[in-house]
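Top to bottom, those sequences are chains S and C. Note that this note's numbering has the first sequence beginning at 1, numbered continuously upward. Note that this note's numbering has the second sequence beginning at 1001, numbered continuously upward. This report refers to the structure that appears directly beneath it.
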Amino acid sequence: MLPDCNTSRDRLLADPECASKEEHLRECVDCQVWWARARRVSESITSLPRIPVPAELASAVEATLAEGRSQDGPDSLVERALRSLPRVPAPAILDDLVLDPSPLYTGTTAQLLTGLSRVRTPNVLERLVQEELEAPARHRVERFVGDLERPTVPAALDESPLPQLRPNRGLRSFLAPVAAIAAGLVLWGNLGTRDHQPESIDYGFDVVRVTSPEQLSPLAQSILGGLTTGSRLTPSSEKGRAQ
Amino acid sequence: MSPDIDIALVEACQANPEGGLDGPFRELYERFKDRVYNVCFRITGNATDALDASQETFGILHRKVGEFRFQSKFSSWVYRIAVNASIDLKRRSSARKLISLDALEEAGGPARRSGAELRDDAIEMPMASASRGELELEIQKAISRLSPKLRTVTVLRYTESQSYQEISQTLQISLGTVKSRLARAHDALDRELSPVLERHYLG
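As structure tokens, then:
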């Protein structure tokens, strides 16, 4: 189909009378075939007979007008549906919003939102962020574990699967007070001996500060000689001397 | 059709809004009943729906005539109401038919349904013109198979002989849209009707 074909066909459909003057139509065989078919289609529809208006239309319209609205009409359906909606009472806050002169109610939403006080960042946030940056995986695990729901103890736990391992109720009722008395005695004993402890502990030897090996006892000097095997002893060395 | 007469009638109806078919609205009804009913018939495709759509059109016309401000041709306004009423009714009717078709198929197959539709669509005519009647039925079926938009343009153009400009005013669409819709309608109708027309005229 040539570019002219569309233009020519549009013209022919808009004004069939111009066909005789349409130059393109005389030259283009495709358009001649198309026009013959198009004309046949349009003529077949145009030739459809006018349908006589049924006599009952007048009475139907009259009935509709008498009702004051069209039956089953989309407009009337909508209007009826809207009219049937219940009235919504005005909320009490409307009075406050309209009548209360306080700035809270007089500003626009944007102004109200802008006027809201800033919430201070909690101090702990910085530390939490720092920790998160240092070890994100660990903190993620901690958060995840912390959020885990704590399971409740199932009732079936009381009915232990190994009841023979648990002391029976009679033995438990006997052992519990005995153990309490024993613990009390141990505590009392400890407290009692603590009152008689000496102020200083006697280790069975004295600590003497010397400035030279000659000040030691001969026994200590020989032991020292064996340990040092000829090394020079400095005067600042501290040696204990057993008494 | 004289626009001046339409204007005078509309003004008379506006002056007497409570009047029924006895008042000036009767004249309006008489002037437009053929156009309204035929548009409704060609768009809905059957007499029952055409009657309902026409009734609805005049009901709306009566209620809204007081709001008409003469900014467009009154006939375009009437056609628009008729087209919309027909398409709405056809849509509602199609939904109902889908339900009833299911019920009929359950009861005994679709053959009975098509028979009922043919009876509904049929136009009474002498036996001698049975062939012509069949062709008209085929043409109407082809129109009915078009989408509502293409169907509307086709009906206004060929059964109501409206110009592109009038169609554009009636449907409140651009001239380009009218052109393209009519071209598409022609293509579709050509596919549907060419075999029928060849059979009718040649065979």
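We put the CB at the ideal spot given by N, CA and C, even for glycine.
8 Å Cβ cut-off: residues of chain S touching residue i
{"i": "aspartate 1190 of chain C", "result": "Arg37, Ala38 and Val41"}
{"i": "alanine 1015 of chain C", "result": "Within 8 Å Cβ-Cβ: nothing; alanine 1015 of chain C doesn't reach chain S, min ~16 Å."}
{"i": "leucine 1051 of chain C", "result": "Pro54, Glu56, Leu57 and Ala60"}
{"i": "glutamate 1136 of chain C", "result": "Leu48 and Pro49"}
{"i": "leucine 1146 of chain C", "result": "Residues of chain S passing the Cβ test: none, with the nearest at roughly 11 Å."}
Closer than 8 Å at the beta carbon, the chain C residues around residue i
{"i": "valine 46 of chain S", "result": "Checking the sequence shown, residue 46 of chain S turns out to be threonine, not valine. Chain C residues near threonine 46 of chain S: Tyr1158, Thr1159 and Ser1161."}
Chain C contact residues for residue i, given Cβ-Cβ distances below 9 Å
{"i": "threonine 64 of chain S", "result": "Gln1055, Glu1056, Phe1058, Gly1059 and His1062"}
Proximal residues of chain S, C-beta to C-beta of residue i below 7 Å
{"i": "serine 1174 of chain C", "result": "Simply none; closest approach about 14 Å."}
{"i": "leucine 1197 of chain C", "result": "Arg40 and Ser44"}
{"i": "isoleucine 1139 of chain C", "result": "Ser44, Ile45 and Leu48"}
{"i": "isoleucine 1005 of chain C", "result": "Going along chain S, no residue has its Cβ under 7 Å from isoleucine 1005 of chain C, so there is no contact; the nearest lies around 19 Å."}
Below-9 Å beta-carbon distance, residue i vs any chain S residue
{"i": "tyrosine 1037 of chain C", "result": "yes"}
{"i": "proline 1126 of chain C", "result": "Its pLDDT being 45, under 50, proline 1126 of chain C is placed unreliably in this model, and the value from its coordinates should be taken loosely. No, its Cβ sits nowhere closer than 9 Å to a Cβ of chain S."}
{"i": "isoleucine 1043 of chain C", "result": "no"}
{"i": "leucine 1171 of chain C", "result": "no"}
{"i": "alanine 1082 of chain C", "result": "no"}
{"i": "glycine 1020 of chain C", "result": "yes"}
{"i": "leucine 1009 of chain C", "result": "no"}
{"i": "threonine 1152 of chain C", "result": "no"}
{"i": "serine 1194 of chain C", "result": "yes"}
{"i": "tyrosine 1164 of chain C", "result": "yes"}
{"i": "alanine 1047 of chain C", "result": "yes"}
{"i": "alanine 943 of chain C", "result": "Residue 943 of chain C is absent from the model: chain C starts at 1001 and stops at 1203."}
{"i": "phenylalanine 1025 of chain C", "result": "yes"}
{"i": "tyrosine 1029 of chain C", "result": "yes"}
{"i": "alanine 1012 of chain C", "result": "no"}
Residue i in three-state terms, based on DSSP
{"i": "serine 1114 of chain C", "result": "For serine 1114 of chain C, the predicted structure reports a pLDDT of 38, less than 50, and the residue's modelled location is therefore unreliable. The matter cannot be settled from this model."}
{"i": "glycine 1176 of chain C", "result": "helix"}
{"i": "glutamate 1160 of chain C", "result": "coil"}
{"i": "glutamine 1140 of chain C", "result": "helix"}
{"i": "serine 47 of chain S", "result": "coil"}
{"i": "lysine 1064 of chain C", "result": "helix"}
{"i": "valine 1010 of chain C", "result": "helix"}
{"i": "serine 1147 of chain C", "result": "coil"}
{"i": "glutamate 159 of chain S", "result": "coil"}
{"i": "valine 1078 of chain C", "result": "helix"}
{"i": "glycine 1023 of chain C", "result": "coil"}
{"i": "cysteine 28 of chain S", "result": "coil"}
{"i": "leucine 13 of chain S", "result": "helix"}
{"i": "asparagine 1084 of chain C", "result": "helix"}
{"i": "leucine 116 of chain S", "result": "coil"}
{"i": "phenylalanine 1041 of chain C", "result": "helix"}
{"i": "glutamine 1055 of chain C", "result": "helix"}
{"i": "leucine 65 of chain S", "result": "helix"}
{"i": "aspartate 95 of chain S", "result": "helix"}
{"i": "glutamine 1165 of chain C", "result": "helix"}
{"i": "asparagine 190 of chain S", "result": "helix"}
Chain C contact residues for residue i, given Cβ-Cβ distances below 7 Å
{"i": "arginine 50 of chain S", "result": "Asp1034 and Asn1038"}
Where residue i meets chain S, residues with beta-carbon distance less than 9 Å
{"i": "lysine 1179 of chain C", "result": "Asp10, Leu13 and Ala14"}
{"i": "isoleucine 1143 of chain C", "result": "Ile45 and Leu48"}
Below-9 Å beta-carbon distance, residue i vs any chain D residue
{"i": "aspartate 30 of chain S", "result": "This model lacks chain D altogether, as its protein chains are S and C."}
Between the segment 146-157 of chain S and chain C, which residues of the former have a C-beta closer than 7 Å to a C-beta of the latter?
none
Mind listing which residues of the segment 8-30 of chain S have their C-beta closer than 8 Å to chain C's C-betas, in chain order?
Arg9, Asp10, Leu13 and Ala14
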